[in-house]
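J.: Take this structure first; my questions come after.
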Amino acid sequence: MSQTDRDPEAIALGERLRLVRELNGLSQRELARRAGVTNSNISLIEQGQISPSVGSLAKLLDAIPLSLAQFFALDTRAPLGIVLTRDQVIRSEHPESGLMIERFPRSDCHSLSLERLQFAPGADTGAEPWQLSSARSGWLLSGRLELTLGVRCYTLNEGDVCQLPQGQWFRVRNTGSVPAIAVVARGADCPVPLTPTTPFDHDQ
């Protein structure tokens, strides 16, 4: 490896290596262990202090594993993932329906949001069905729910899943004696909001 005086190409390569390492959940120490090099060696590369030879870089990438072509094809401008702690999750309660929603909202770079729904015993979205403004995929983690889709009524038990298309009319009730908890992935809303609006259709 040759010493550089903060060469722009070495800096860019180092930043790319750091990004790839972090995207794969590896610490500098772990990557060094896998590749059989020193931790300080990787640190110097990522800081742009030294520029690795093609062979040395390939050795590091093999430890991830990643090919040279994949490494240089990666769009480093793409946003990283988002992690929120529990106190950052948006929480809303709807006493009238017995529903509590904890929401991981969509960001500018992701089209999905994630929701944790808790239905108290007797919770009911109402006698009148609601219409979804976006598609949903749901997984019932615990409890039991009654899901009405049009004229069909389903009983969902722990572990059951459902997929609802945009525009679906539905009603949900907790007919059990314990809270029911579900996780729901929600797609982007349609351009024109459908009516009526439900607690499921608010990002705030």
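Residue numbering for the sequence shown follows UniProt numbering, beginning at 1 and increasing consecutively.
We put the CB at the ideal spot given by N, CA and C, even for glycine.
Would Q163 and L149 be called neighbours here (beta carbons separated by less than 8 Å)?
T.: Here residue 163 refers to the residue found at position 163 of the sequence shown. Here residue 149 refers to the residue found at position 149 of the sequence shown. No; because the gap between Cβ atoms is not below 8 Å, this pair is not in contact.
J.: Just how far apart, CA to CA, sit E46 and L13?
T.: Here residue 46 is taken as the residue at index 46 of the sequence shown, counted from 1. Here residue 13 is taken as the residue at index 13 of the sequence shown, counted from 1. Looking at the two C-alpha atoms, the distance is approximately 7 Å.
J.: Compute the distance between the beta-carbons of L140 and A180, then report whether it is under 8 Å.
T.: Here residue 140 is taken as the residue at index 140 of the sequence shown, counted from 1. Here residue 180 is taken as the residue at index 180 of the sequence shown, counted from 1. Yes, the pair counts as a contact, with Cβ atoms nearer than the cut-off.
J.: For I64, I'd like the list of residues in its chain whose CB is within less than 6 Å of its CB, leaving aside the five on either flank, ordered along the chain.
T.: Counting from 1 along the sequence shown, the entry for residue 64 is found at position 64. Contacts found: N24.
J.: Per DSSP, what are the beta-bridge partners of Q131 in this structure?
T.: Locating residue 131 in the sequence shown gives position 131, where the first residue counts as 1. Paired residues: W169.
J.: Identify the continuous beta strand (DSSP E) that holds A182 and give its terminal residues.
T.: Taking the sequence shown and counting its residues from 1, the one referred to as residue 182 is at position 182. 180-186 is the extent of the beta strand (DSSP E) around A182.
J.: If you measure between the beta carbons of P129 and R171, is that distance less than 8 Å?
T.: Here residue 129 refers to the residue found at position 129 when the sequence shown is read from its first residue. Here residue 171 refers to the residue found at position 171 when the sequence shown is read from its first residue. Closer than 8 Å, so yes.
J.: Given a cut-off of 8 Å on the beta-carbon distance, is the pair R144 and T155 in contact?
T.: Position 144 of the sequence shown, counted from the start, is the residue given in the question as residue 144. Position 155 of the sequence shown, counted from the start, is the residue given in the question as residue 155. Yes. Within cutoff.
J.: Enumerate in chain order the residues of its own chain whose CB-to-CB distance from R116 is below 6 Å, with the five nearest sequence positions on each side excluded.
T.: Counted from its first residue, the sequence shown places residue 116 at position 116. Hits under 6 Å: E102, V183.
J.: Specify the secondary structure class of G14 as computed by DSSP and reduced to three states.
T.: Working through the sequence shown from its first residue, we reach residue 14 at position 14. If DSSP states are grouped into helix, strand and coil, G14 belongs with the helices.
J.: By the DSSP assignment, the beta strand (DSSP E) with residue 238 in it spans what residues?
T.: Because the chain is modelled from 1 through 204, residue 238 falls outside the range shown and cannot be assessed.
J.: Could you compute how far the alpha carbon of E9 sits from the alpha carbon of G48?
T.: Residue mapping note: residue 9 aligns to position 9 of the sequence shown, counting from 1. Residue mapping note: residue 48 aligns to position 48 of the sequence shown, counting from 1. The straight-line gap from Cα to Cα measures roughly 8 Å.
J.: Just to check, is the beta-carbon of T125 closer than 7 Å to a non-hydrogen atom of the ligand GTP?
T.: Of ligands this structure carries none, so the ligand GTP is not represented either.
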